[in-house]
Structures are given as structure tokens and as C-alpha cells.
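Heads up, the sequence shown is in the numbering used here, so the first residue is 1 and it goes up one at a time. Each residue gets a CB set at the ideal place from its N, CA and C atoms; glycine is no exception. Given the structure is predicted, the values throughout are model-derived calculations rather than measurements. A short write-up of the structure that comes next.
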Amino acid sequence: MDSKELIAQTSNEAKEIYIPHMSADPVIFCFEKNVLKVLLVKMNYRQLWLLPGGYIKKDEDLDDAVLRILKDRAGVNAVSYLEQFAVFGKRNRSEAYFEDFDNDSFHKQRFVSIGYYALYNPSKINLAADRFSESCEWIDLSQLPEIEMAMDHKEIIEKALLTLREKIALKPIGINLLPEKFTLSEIQKLYEAILGKALNRGNFYRKIKNLGILIKLDEQRKGGAHKAPHLYSFDEEVYNKALDNGLISW
């Protein structure tokens, strides 16, 4: 059975299971090797990249639906942080992708999508593509302009990144994207990747240390060509309290 036949076969079943005209599209960010990445799936049908989104069951809460969709579409089980950020409902935002299908197909109807953003540590996830997709991969955000994506999913990612940038001082972003132990250079690179600009190293180090959210460990990062830098971890209690007033303005 080819990919189009598989999608067509699921149409009648979908009408019984899912809420019509509503979907969810989670944008999953990770920070790996000092690069900010997003999780995408490549569909067998049309060979285009999409977010690992899906439909909402009639007997499901919305947040529960997103968790199920992530598991079904990409094998993601553990959620570090998950939050709604926008609704996407332009006319023909999804119908055109299924133009080869009959007009009464469930998938070809107009869908309004609820956008979520999520933060993950990629080392904790074993990605697994579903039967509709040929691959599921972490994609460097800098590569997005060169990637052909379906529907309005590139716009959704851009909006999610803007939301991440706006909330960097108010949400537990660093603690969910960095490993348990990290260097000052690594946390600076994370903030630079999200903000899309370079930060002065001396000013950044001073500000981040003055927040009191870091614990300096009696360990160093080994293996580099230069002097081994000290490792740090977050003081979670202080970190969470600091978020109440906003961490800092960069």
C-alpha cells in the first residue's frame, strides 16, 4: 500500500475518532552541540517536512492529545516543558496539501491548529517515525530556509521561536534545554541561539552569576584544546523563584 492509499484508508476511521476541523502542532526545541534544533518528520506522501502534529480525539483533553501525538508521531515520551502559544487558522492552510484526495476526505477539510512549544533534552529521546513518515529528525534552525515544508509549518516554527525569545526571562527555558552539568560558555551559546544575536561574554557571565541561580561544581569539562572550564548546574529552587520577577534583560 502506497502512502496516498494509507492516508485515504484512515479517513473514515478518523471521522469517528477525532474532532473535526481542529488539530495540534507542537514545535519541539532542543539544544545539542551548541545548536538550537527543532524536531520534524518527513512524510512519505509528497516527501515534505512537517511538524509532528496530529488530530485531537473526541474524548481527549487538549494537552493530553498533544502528549499522545508526540508519542505516536515521533516516539517522544518525556516532556520537559509544554505550553500553548498561538492559534493558526488561515484559509487553505492545510487543505491544499491534500488536494489529490476526495473533497469529503477527513484530512482535506479546513483545520485550525493549536500551536504548542516544547523543550527537550535530545539524549533522553529515542526518535521513532510513525507509519506515515519515512524519517523523524532534529533539524538545525539555521537550515529551515533551505527546507521545503508543507502547509504553514515554517510560519508556526518562526512564531514559536519568537515566543521563546519573548519568554526567555519568564519561563524555565535554560533548565530544560541544557544538560544537568554545563559550562558558562554553553549557557551563553544557548541564549545567543534563542535571541539570535551575540552577547558580550564578560557582561553575560557577570549577570548570570549575579542571579544566584548557578551552582559551581568541583568539576571541569575535559577534552578541549584550552584550559578545562568549570562545570555548573542550576539551583532549581532559586531558579524558579527568580522566574517570578523575570530573570534578566539581555
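From R206 to K58, what does the alpha carbon distance come to, in whole angstroms? Spanning the two alpha carbons is a distance of roughly 51 Å.
State the Cα-Cα distance for the pair S105 and H21, rounded to the nearest angstrom. Approximately 12 Å, taken between the alpha carbons.
Cβ-Cβ separation, V41 to L50 (assumed contact under 8 Å), whole Å: L50 to V41, Cβ: 6 Å. Contact.
State buried or exposed for R91, treating a residue as buried only when at least 16 other CB atoms are found within 10 Å of its CB. It is exposed - the Cβ of R91 has fewer than 16 other Cβ atoms within 10 Å.
For L195, three-class secondary structure by DSSP: DSSP places L195 in helix when its eight states are reduced to three.
Cα-Cα separation between Y97 and V87, rounded to whole angstroms: Cα to Cα, Y97 sits roughly 19 Å from V87.
At what residue ranges does the region 75-116 contain a whole run of the beta strand (DSSP E), taking only runs of 3 or more? Counting whole runs of 3 or more residues, the region 75-116 contains the beta strand (DSSP E) stretches 81-88.
Restricting to Cα atoms, I'd like to know which of L211, H153 and Q220 is closest to L48. The option with the nearest alpha carbon to L48 is H153.
Whole-Å CB distance - G115 paired with A160, under 8 Å assumed: That pair is a contact at about 6 Å.
Grouping DSSP H, G and I as helix and E and B as strand, with all else coil, what is L178? Of the three classes helix, strand and coil, the one that applies to L178 here is coil, per DSSP.
Return the CA-CA distance between E95 and I7, expressed in angstroms with no decimal places. The alpha-carbon of E95 is positioned some 14 Å away from that of I7.
Take the Cβ of S135 as the centre, count every other Cβ of all protein chains shown within 10 Å, and call the residue buried at 16 or more, exposed below. S135 is exposed by the Cβ-count criterion.
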